[in-house]
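Enquirer:
In the numbering used here, the protein residues as written are 2 to 371.
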């Protein structure tokens with residue numbers, strides 16, 4: 002194997018694939034990166050067995066072949082080099098990196114020891130609007146659970162329903178559901194549950210100006226084709242809980258309020274909240290929302306009044322401030338709506354200028370403590 006390419010190009014590719022190289026692993030081979038030199042192309046791959054990233058770039062290939070090198074060590078060397086052309090050449094059990102004023106030799110691992118990469122059948126690819134898919138991912142992954150005893154909740158549910166596609170995530174305390182037109186995706190797949198790491202990485206690597214993303218559904222994997230970069234992820238086994246059952250069918254209290262004013266006020270008041278519960282009390286009466294919290298550990302107390310539009314009987318309800326700010330950070334628009342029933346039932350939160358069918362969040366309250 003022998004190939005050459007500029008340092009800047011190689012650095013960019015290594016930064017991408019290193020996102021799936023585990024910092025620690027019981028399988029040492031996973032700390033390595035696979036290089037495959039083809040006809041005028043170089044494929045660089047890494048995997049943690051759940052998520053695999055392969056990047057294909059143009060390169061000057063003198064001799065086809067493959068090699069495996071320790072990922073982070075290689076990156077540390079490359080990033081310290083000045084901008085120059087770098088030549089890789091395999092010799093016996095080592096790979097030599099040649100630059101104009103020197104060389105670096107690194108012990109290589111046999112490519113046969115590297116995990117078999119998932120096959121990609123491009124004939125099964127369906128194109129999805131990139132901006133829409135990225136928006137749906139940004140609005141859901143934050144609500145995924147980290148509870149290993151409920152693996153289905155550790156992923157994002159992706160459904161196709163007639164002319165709509167839906168993404169849902171929940172950790173049992175909060176829920177996010179977003180929907181959009183399915184376009185070419187209609188009927189392409191059954192419900193799938195995708196790890197949030199894969200989705201967040203896909204959004205991170207979206208090329209500027211890309212209009213569509215290629216999606217390939219396999220039996221137990223999903224593959225995203227972004228052009229130079231292909232990301233493959235295992236799917237999480239279901240079934241996913243019936244999330245529709247926990248969304249209130251009706252509510253009798255409705256508050257509309259400035260999203261930015263509420264967001265800022267919750268962050269301020271939360272500074273004095275309990276370090277374990279992060280509870281902030283919402284007291285709504287008339288046209289005023291009062292945010293308050295107490296913290297006996299530091300002798301702290303905070304209170305702020307905000308104007309709002311409210312219909313319904315007065316209510317006092319407690320929320321985890323971190324969950325509230327997470328949700329408000331995902332909602333666009335100037336005004337946000339809270340639909341409530343009682344101090345012990347989930348509230349529905351959504352943008353005032355967006356239909357509830359398009360994007361809602363659900364938030365379970367905390368038991369109020371004085």
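The C-beta atom is built at its ideal place from N, Cα and C for all residues, glycine as well.
Identify every run of the alpha helix (DSSP H) within the region 235 to 308, keeping only runs that are complete inside it and at least 4 residues long; order them along the chain.
Expert: 260 to 271
Enquirer: DSSP state of residue 323, grouped into three classes?
Expert: As a first step, residue 323 must be located in the chain shown, where it is residue number 322. In the structure shown, residue 323 sits in a helix (DSSP, three-state: H, G or I).
Enquirer: Taking the CB atoms as reference points, tell me whether residue 140 and residue 363 lie closer together than 9 Å.
Expert: Within the chain shown, residue 140 is the residue found at index 139, counting from 1. Within the chain shown, residue 363 is the residue found at index 362, counting from 1. Their beta carbons are not under 9 Å apart, which means residue 140 does not touch residue 363 by this criterion.
Enquirer: So, with DSSP's three-state summary, where would you put residue 73?
Expert: The residue you call residue 73 lines up with position 72 of the chain shown. Three-state result, residue 73: helix.
Enquirer: By DSSP's criteria, residue 226 is part of a beta bridge. Which residues make up the other side?
Expert: For the purposes of this step, residue 226 is taken as residue 225 along the chain shown, with counting starting at 1. Paired residue(s): 215 and 231.
Enquirer: Measure how close the beta-carbons of residue 143 and residue 331 come, nearest whole angstrom, since I'm counting them as under 8 Å.
Expert: Within the chain shown, the letter at position 142 stands for residue 143. Within the chain shown, the letter at position 330 stands for residue 331. With a Cβ gap of about 7 Å, residue 143 and residue 331 count as contacting.
Enquirer: Short of 6 Å in beta carbon distance, which residues of its chain neighbour residue 35, apart from the five on each side in sequence? Order them along the chain.
Expert: By 1-based counting over the chain shown, the position of residue 35 is 34. Same-chain partners within the cutoff: 46, 69 and 115.
Enquirer: Going by DSSP in three states, residue 12 sits in which element: helix, strand or coil?
Expert: Here residue 12 refers to the residue found at position 11 of the chain shown. Helix at residue 12.
Enquirer: For residue 228, which residues from the same chain have a beta carbon less than 8 Å from its beta carbon, with the 5 sequence-adjacent residues on both sides left out?
Expert: On the chain shown, position 227 is the one that residue 228 refers to. 208 and 211, listed in sequence order.
Enquirer: Buried or exposed: which applies to residue 299, given that a residue is buried once 16 or more other Cβ atoms fall within 10 Å of its Cβ?
Expert: Numbered from 1 along the chain shown, position 298 holds the residue referred to as residue 299. It is exposed - the Cβ of residue 299 has fewer than 16 other Cβ atoms within 10 Å.
Enquirer: Return the chain-ordered ranges of every beta strand (DSSP E) run that is complete within the region 38 to 66 and spans a minimum of 3 residues.
Expert: 42 to 48, 52 to 59 and 61 to 64
Enquirer: Would you identify the three-state DSSP class for residue 28, choosing helix, strand or coil?
Expert: Counting from one through the chain shown, the residue named residue 28 turns up at place 27. Note: residue 28 maps to coil in three-state DSSP.
Enquirer: Can you check the region 326 to 364 for any beta strand (DSSP E) of at least 3 residues that lies completely inside it and give the ranges in chain order?
Expert: 336 to 341, 348 to 352 and 360 to 364
Enquirer: Suppose contacts are defined by Cβ-Cβ distances below 9 Å. Is residue 72 in contact with residue 18 by that definition?
Expert: Residue mapping note: residue 72 aligns to position 71 of the chain shown, counting from 1. Residue mapping note: residue 18 aligns to position 17 of the chain shown, counting from 1. Result yes, Cβ atoms of residue 72 and residue 18 sit closer than 9 Å.
Enquirer: Is the separation between the beta-carbon of residue 6 and that of residue 50 shorter than 9 Å?
Expert: The residue labelled residue 6 in the question sits at position 5 within the chain shown. The residue labelled residue 50 in the question sits at position 49 within the chain shown. No, the Cβ-Cβ distance between residue 6 and residue 50 is not below 9 Å.
Enquirer: Have a look at residue 83 and residue 16 and give me their C-alpha separation to the nearest angstrom.
Expert: As a working note, residue 83 is residue 82 in the chain shown. As a working note, residue 16 is residue 15 in the chain shown. Each residue's Cα considered, the two are about 17 Å apart.
Enquirer: Starting from the C-beta of residue 230, find all residues in its chain whose C-beta is less than 6 Å away, skip the five residues before and the five after it, and write them out in chain order.
Expert: Locating residue 230 in the chain shown gives position 229, where the first residue counts as 1. Cβ neighbours of residue 230 within its own chain (closer than 6 Å, five residues either side excluded): 56 and 206.
Enquirer: By how many angstroms is the C-alpha of residue 59 removed from the C-alpha of residue 40?
Expert: As a position in the chain shown, residue 40 is number 39, starting the count at 1. As a position in the chain shown, residue 59 is number 58, starting the count at 1. Distance between the alpha carbons of residue 40 and residue 59: 9 Å.
Enquirer: In this structure, how does DSSP classify residue 185 when only helix, strand and coil are distinguished?
Expert: As a position in the chain shown, residue 185 is number 184, starting the count at 1. Here residue 185 carries a helix assignment [DSSP, helix/strand/coil].
Enquirer: Could you have a look at residue 115 and say whether DSSP puts it in helix, strand or coil?
Expert: Within the chain shown, residue 115 is the residue found at index 114, counting from 1. Reduced to three states, the DSSP call for residue 115 is coil.
Enquirer: Just verifying my parser: in three-state terms, what is the DSSP assignment at residue 89?
Expert: As a first step, residue 89 is located in the chain shown; it is residue number 88 there, counting from the start. In the structure shown, residue 89 falls within a strand segment according to DSSP collapsed to helix, strand and coil.
Enquirer: Leaving out five residues before and five after residue 1 in sequence, what residues of the same chain have Cβ atoms less than 7 Å from its Cβ?
Expert: Any question about residue 1 goes unanswered here, given that the chain covers just 2 to 371.
Enquirer: Nearest to residue 78 by CA position, among 183, 54, 104 and 93, is which residue?
Expert: Counting from one through the chain shown, the residue named residue 78 turns up at place 77. Selected option, being the one with the closest Cα: 104.
Enquirer: Where do the N-terminal and C-terminal ends of the alpha helix (DSSP H) with residue 120 fall, by residue?
Expert: On the chain shown, position 119 is the one that residue 120 refers to. Premise fails: residue 120 is in no alpha helix (DSSP H) and is neither H nor E.
Enquirer: Going by C-alpha distance, which of 88, 165 and 29 is nearest residue 10?
Expert: Sequence index remark: in the chain shown, residue 10 carries index 9 (1-based). Minimum Cα distance to residue 10 is reached at 88.
Enquirer: Does the separation of the CB atoms of residue 118 and residue 53 fall below 9 Å?
Expert: The sequence position of residue 118 within the chain shown is 117, counting from 1. The sequence position of residue 53 within the chain shown is 52, counting from 1. Yes; because the gap between Cβ atoms is below 9 Å, this pair is in contact.
Enquirer: Please classify residue 161: does DSSP put it in a helix, a strand, or coil?
Expert: Position 160 of the chain shown, counted from the start, is the residue given in the question as residue 161. Here residue 161 sits in strand by DSSP.
Enquirer: In the structure shown, what three-state DSSP assignment does residue 142 receive?
Expert: Counting from one through the chain shown, the residue named residue 142 turns up at place 141. In the structure shown, residue 142 sits in a helix (DSSP, three-state: H, G or I).
Enquirer: Is it right to say residue 366 is buried, meaning 16 or more other beta carbons lie within 10 angstroms of its own, or is it exposed?
Expert: Here residue 366 is taken as the residue at index 365 of the chain shown, counted from 1. Buried, because 16 or more other Cβ atoms sit within 10 Å of the Cβ of residue 366.
Enquirer: Measure from the alpha carbon of residue 333 to the alpha carbon of each residue in 320, 346, 353 and 345, then state which is nearest.
Expert: Residue 333 sits at position 332 when you count from the first residue of the chain shown. Scanning 320, 346, 353 and 345 for the CA closest to the CA of residue 333 turns up 353.
Enquirer: Could you please give me the residues that DSSP links to residue 110 through a beta bridge?
Expert: Sequence index remark: in the chain shown, residue 110 carries index 109 (1-based). In the DSSP output, where bridge partners are listed per residue, residue 110 has 69.
Enquirer: Considering only their Cβ atoms, is the gap separating residue 311 from residue 286 smaller than 9 Å?
Expert: Residue numbering aside, residue 286 sits at position 285 when the chain shown is read from its first letter. Residue numbering aside, residue 311 sits at position 310 when the chain shown is read from its first letter. Contact: yes.
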